[in-house]
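Please read the structure below before turning to the comments.
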Amino acid sequence: MMNTAFKQPVKKTGTPALLTILRKAKKQQAESEKMFAELGWEDLPSELKFAIEDDVKGYMDELNGRYSSTCPYIQRRRESVDFWVRSYMEGICSLETAVESVKVREL
């Protein structure tokens, strides 16, 4: 009779790097939802939120004093985002129109 040892399976809950990425993603999602709520845009559909998320981060950075711009192109972009979000919220345009209008087109 052979005397062998059996290895017990190691219970893994995920790699540390993966867990770190997951925690960071959850934190960023919570911050993003807070930003939309502060602007009164928490009820926007996910597609529209995704399309303007970087713009909203810029709004919040500026409101919190971490960033400031006098660039007319940034101001025009903000006015455009605000216009299309309000138009969607007031039922003036469809979700598809709002999303297409705020998408940043690559060169």
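Position one of the sequence shown corresponds to residue 1 (the numbering used here), numbered consecutively onward.
Idealized CB from N, CA, C, for every residue including glycine.
Sorted by chain position, which residues of the same chain lie with C-beta nearer than 8 Å to residue i's C-beta, five sequence neighbours on each side aside?
{"i": "aspartate 55", "result": "Arg77, Arg78, Val81, Val102"}
Is it buried or exposed, residue i, if we count other Cβ atoms within 10 angstroms and call 16 or more buried?
{"i": "lysine 49", "result": "buried"}
{"i": "tyrosine 88", "result": "buried"}
{"i": "valine 104", "result": "exposed"}
Going by the beta-carbon positions, is the gap between residue i and residue j smaller than 7 Å?
{"i": "proline 16", "j": "leucine 95", "result": "no"}
For the alpha helix (DSSP H) holding residue i, just list the boundary residues, first then last.
{"i": "glycine 58", "result": "46-63"}
{"i": "tyrosine 73", "result": "72-89"}
{"i": "valine 104", "result": "Element bounds for valine 104: n/a, residue is neither H nor E."}
Near residue i, what residues of its chain come up, given a Cβ to Cβ distance below 7 Å and the 5 sequence neighbours on each side ignored?
{"i": "serine 68", "result": "Glu62"}
Exercise. Given 8 Å as the limit, is there contact between the segment 85-99 and the segment 32-52, that is, 3 or more CB pairs closer than that?
Worked result: yes
For this session: Mind the definition here: the segment 59-73 touches the segment 31-46 only if three or more C-beta pairs lie below 8 Å; say whether that holds.
Result: yes
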